[in-house]
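Asks: Got a structure for you, questions after.
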Amino acid sequence: MRPAHHEPKKVEGAIREIVDGAVRGGLFGIVTGTIFHFSAMRWSPQYRGLTTQFKTFIGLGIFVITPACWLIDQNLLRYERRIAMEQKLERRRKLEEAVEKGEY
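When the sequence shown is numbered by the numbering used here, its final residue is 1213 and no position is left out of the sequence of numbers.
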């Protein structure tokens, strides 16, 4: 017997949430990282002195990957709460049907 969270429908929903969070978080990070980069290049001599590799690390690590991971996590938590609520409502509905039939 497979756990309920391994049902194909639920896995597909989780994958959708992961992709959505990655895309939205990545786009947000690219925009903020670009704004930060050009602002820092203009006003920060310390930033201008950094190597290209380190600037890339800052841009990707802080501004792209971090918001993407954060949004993925938020989406998955919201999805898990929604699935739990749907399961709770389904159990309640089945219990009410059993009471109406006199089985419980």
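Built from N, CA and C at the ideal position, the CB exists for glycine as well.
1. Which residue comes first and which comes last in the alpha helix (DSSP H) that contains His1115?
2. What residue from Ser1153, Gly1138, Leu1180 and Asp1129 has the CA that sits closest to Gly1080's CA?
3. If we count Cβ pairs, one from each stretch, closer than 8 angstroms, do we get three or more for the region 1188-1205 versus the region 1131-1149?
4. Could you give the distance in angstroms between the alpha-carbon of Met1150 and the alpha-carbon of Tyr1156?
5. Quick one: grab the DSSP three-state call for Thr1141.
6. Near Gly1135, which residues of its chain fall below 7 angstroms by C-beta distance, leaving aside the five closest residues on each side in sequence?
7. Tell me which residue opens and which closes the alpha helix (DSSP H) that Tyr1156 is part of.
8. Given a threshold of 16 other Cβ atoms within 10 Å of its Cβ, counted over all protein chains shown, does Ile1181 qualify as buried or as exposed?
Replies: Concretely, from the data shown:
1. Run containing His1115: none; DSSP gives neither H nor E here.
2. Residue 1080 lies beyond the range of the chain shown here (1110 to 1213); nothing can be said about it.
3. no
4. 6 angstroms
5. helix
6. Val1173 and Ala1177
7. Pro1154 to Arg1157
8. buried
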